[in-house]
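Each number in the numbering used here corresponds to the 1-based position in the sequence shown with 4 added. Glycine is no exception: its CB is placed at the ideal position from the N, C-alpha and C atoms.
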Amino acid sequence: MHKREEMTSGSDIGSLNEELQNAQSLDAEPVGHPTGTFDETSQEIGDEVEENAPLDYVSANVELRLRYSDTQVELEILRDRLARIKDDVAQIVQARVEWADASAHAQLGNYPWAKLVGAMAASFVATKALRALPLAAAGSAVLPLVISALQRKAVPR
């Protein structure tokens, strides 16, 4: 510190210039324009900073690379988990289909799906036939008879 104060006091500016020139001559590499691409140059600069940095210092470039590699590892783990989940879901769906088929065979015997289609077709035809009948006129004639019969049963004499 004492030496620095002497050098900056103004009395020994010539020796300060000499020391600056000596410090510049220690860097033997000439200062010029970079010749590589941007990525190569940034890689070289990053490598140089890493080599000259203290052991407990991590440069931003290194930290970003570490984060990137960690993210890639986590992404691979998530892809593996998703693949396992897809396989599990496929197995569950297949088991449900087999269960439904076995249940239909147990309830309806051979060709259960054909029997279900036949029952659905029969109910469709029956519904169409009932809608075609004039039930309004028949209902208005029968309704008073049904109501009187219900009243006779409800009221004891």
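- For S63, there is no enclosing alpha helix (DSSP H), as DSSP marks it with neither H nor E.
- According to the DSSP assignment, L137 belongs to no alpha helix (DSSP H), since it is labelled neither H nor E.
- Look at V129 here: in three-state DSSP terms it is helix.
- In the structure shown, Y115 adopts coil according to DSSP, grouped into three states.
- The alpha-carbon separation between E78 and L70 amounts to approximately 12 Å.
- Going by beta carbons, P116 and A106 fall outside the 7 Å limit.
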